[in-house]
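Residue numbers (full-length UniProt numbering): 1 to 116. Just so you know, even glycine gets a beta-carbon here, dropped at the ideal spot from N, CA and C. Heads up, the thing below is written out as structure tokens.
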Amino acid sequence: MDLSLSARIDSGPLGDRSVVEVAGEIDVYTAPKLREQLVEIVDAGQYHIVVDMRGVEFLDSTGLGVLVGGLKRVRQHDGSLRLVCTQERILKIFRITGLTKVFPIHDTVEGAISEA
1 MDLSLSARID
11 SGPLGDRSVV
21 EVAGEIDVYT
31 APKLREQLVE
41 IVDAGQYHIV
51 VDMRGVEFLD
61 STGLGVLVGG
71 LKRVRQHDGS
81 LRLVCTQERI
91 LKIFRITGLT
101 KVFPIHDTVE
111 GAISEA
């Protein structure tokens with residue numbers, strides 16, 4: 001399975017948010033594609049990012065590293081990186097690694113966009 005990405009800007013009550021929809025597998029082979037997308041968004045001056053992971057079927061440690069790296073990058077600009085994830089097997093990875101304390105995880109893109 002490959003990785004598909006699409007990015008857009010959504011406006012919410014708190015201003016614009018970059019939304020990255022991710023589907024497929026985030027692993028050692030595909031994670032660089034996600035990293036590139038996040039770097040491009042930050043380089044374009046967008047520091048509030050929502051990563052919609054509802055279509056992600058597999059996530060390994062490389063993918064987690066990319067998400068943590070993206071979070072560090074936006075925090076340098078007082079930004080935020082929020083995740084949208086509803087799949088239990090992916091949520092379990094965040095719980096086991098303790099990353100639920102690091103990333104705000106939402107059920108919907110709308111919820112992630114509207115949170116302060």
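Mind checking who residue i pairs with in its DSSP beta bridge?
i     : result
Val84 : Asp52, His106
Arg8  : Val19
Leu3  : Gly24
Beta-carbon separation of residue i and residue j under 9 Å?
i      : j     : result
His106 : Leu71 : no
Asp52  : Gly24 : no
Val74  : Val42 : yes
On the DSSP letters alone, give me the boundaries of the alpha helix (DSSP H) that residue i sits inside.
i     : result
Val42 : 31–43
Tyr63 : The question names Tyr, yet the displayed sequence has Gly at residue 63. Looking at the DSSP string, the run of the alpha helix (DSSP H) that includes Gly63 is 61–75.
What's the C-alpha gap between residue i and residue j?
i           : j      : result
residue 119 : Val109 : With the chain covering only 1 through 116, there is no way to say anything about residue 119.
Ile49       : Leu5   : 14 Å
Leu91       : Gln37  : 22 Å
Can you give me the Cβ contacts of residue i inside the same chain, cut-off strictly under 6 Å, excluding the 5 residues immediately before and after it?
i      : result
Thr100 : Phe94
Asp16  : Ile9
So is residue i in contact with chain B if we call contact Cβ pairs under 9 Å?
i     : result
Asp16 : In the structure shown, chain B does not exist; there is a single protein chain.
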